[in-house]
Amino acid sequence: MVKEVEKWWNDAAPWFQEWAKLSTKSADYGPYAPRENQLKLLGDVKGKKILEIGCGGAQCSISFAKQGAICTAIDISKAQLAYARKLIEREKVSVTLIKGDIQTLKGIKSSSYDIVFSAFALQYIADLTKCFKEVYRVLKKGGLFVFSYDHPLYYVIDPKTKKIRYNYLKTRKLVQNETWSDRTKHKFVMFHRKVSDIVNSVINANLTLLEVHEPLDMKNKIKDPTVYPEDLVRLIGPTIIFKAKKK
2 MVKEVEKWWN DAAPWFQEWA KLSTKSADYG PYAPRENQLK LLGDVKGKKI LEIGCGGAQC
62 SISFAKQGAI CTAIDISKAQ LAYARKLIER EKVSVTLIKG DIQTLKGIKS SSYDIVFSAF
122 ALQYIADLTK CFKEVYRVLK KGGLFVFSYD HPLYYVIDPK TKKIRYNYLK TRKLVQNETW
182 SDRTKHKFVM FHRKVSDIVN SVINANLTLL EVHEPLDMKN KIKDPTVYPE DLVRLIGPTI
242 IFKAKKK
């Protein structure tokens with residue numbers, strides 16, 4: 002499964018980065034969600050050690066580094082990391098990049114980070130609880146875990162027909178065929194989980210859940226009406242955010 006996801010993101014990286022156009026000014030939690038400079042879930046990050054898991058182009062880590070954080074970013078895709086290196090060089094900041102599986106976090110020392118952060122990446126891994134147990138391991142006592150996720154209710158609805166296309170109650174692997182802007186077709190793999198599945202993974206990893214947010218900011222848009230038609234977005238925001246702590 003890891004290899005399948007890795008291949009998809011290696012293929013998708015150039016298209017995705019052009020499509021998403023993510024900011025390096027403030028961490029982007031997801032489509033139509035306020036950014037970190039509005040939500041302030043991490044607090045002052047100056048001098049803090051931050052690990053971003055599933056970093057993609059590392060835009061969030063770059064934004065934290067600009068604020069004085071000491072950042073490490075990990076991703077399974079070499080193509081995403083190549084894009085991240087170019088951004089880091091362009092933005093003239095320091096971010097350590099690691100190619101690896103975020104379900105295992107091999108080579109990362111226990112109790113070494115003040116914050117673990119993830120934006121819109123965890124729906125692509127098979128074992129969420131395993132990942133969260135690793136997050137617990139690498140966090141310092143009192144450390145924060147802040148992550149965002151595709152809102153499970155949003156993706157149950159077909160954006161074209163506005164009708165239910167999946168059973169929300171059925172946790173499962175989804176394989177979809179995507180047609181990109183260059184009209185090539187690609188297989189897209191992700192995992193649908195209920196909100197309770199995500200919450201229970203936090204609990205089962207011995208993390209303490211502090212906050213859950215379902216914010217909506219119509220200004221922070223991705224201009225793709227095929228995926229995010231605004232009439233649907235206004236009813237069910239596409240992004241859900243969790244904040245937890247290692248006590």
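Take the sequence shown: its letters are residues 2 to 248, numbered as in my numbering.
Note that the Cβ used here is the ideal one computed from N, Cα and C, for glycine as well.
Would residue i and residue j qualify as a contact pair, given that the criterion is a beta-carbon distance under 8 Å?
i: D128; j: V3; result: no
i: I75; j: H152; result: no
i: K142; j: S112; result: yes
i: T172; j: R194; result: yes
i: L88; j: I63; result: yes
i: Q81; j: W10; result: yes
i: K107; j: A206; result: no
i: A85; j: P216; result: no
i: T227; j: P160; result: yes
i: L52; j: V94; result: no
Residue i and residue j look like a contact to me (Cβ under 8 Å); what is the Cβ gap, rounded to whole Å?
i: D115; j: K8; result: At roughly 33 Å, the Cβ-Cβ gap does not stay under 8 Å, so D115 and K8 are not in contact.
i: S149; j: Y30; result: 4 Å
i: L145; j: K248; result: L145 to K248, Cβ: 11 Å. No contact.
i: C61; j: A28; result: 4 Å
Compute the Euclidean distance between the alpha carbons of residue i and residue j, then round it to the nearest angstrom.
i: K67; j: P239; result: 27 Å
i: K222; j: L42; result: 20 Å
i: R91; j: T25; result: 11 Å
i: T208; j: E231; result: Here residue 208 turns out to be Leu, not Thr, going by the sequence shown. Answer to the nearest angstrom: the Cα atoms are 35 Å apart.
Pick from the options: whose alpha carbon is nearest that of residue i?
i: L123; options: N11, M191, Y229 and P226; result: M191
i: I71; options: G48, D159 and K174; result: G48
i: F65; options: L40, A83, D45 and P32; result: D45
i: Y125; options: E19, V176, V147 and I165; result: V176
i: K22; options: V6, A59 and E231; result: A59
i: I20; options: L154, Q39 and Y229; result: Before going further, note that residue 20 is Trp rather than Ile in the sequence given. Of the candidates L154, Q39 and Y229, the one whose C-alpha sits nearest the C-alpha of W20 is Y229.
Which one or two residues does DSSP pair with residue i in a beta bridge?
i: I51; result: C72 and I116
i: I158; result: I165
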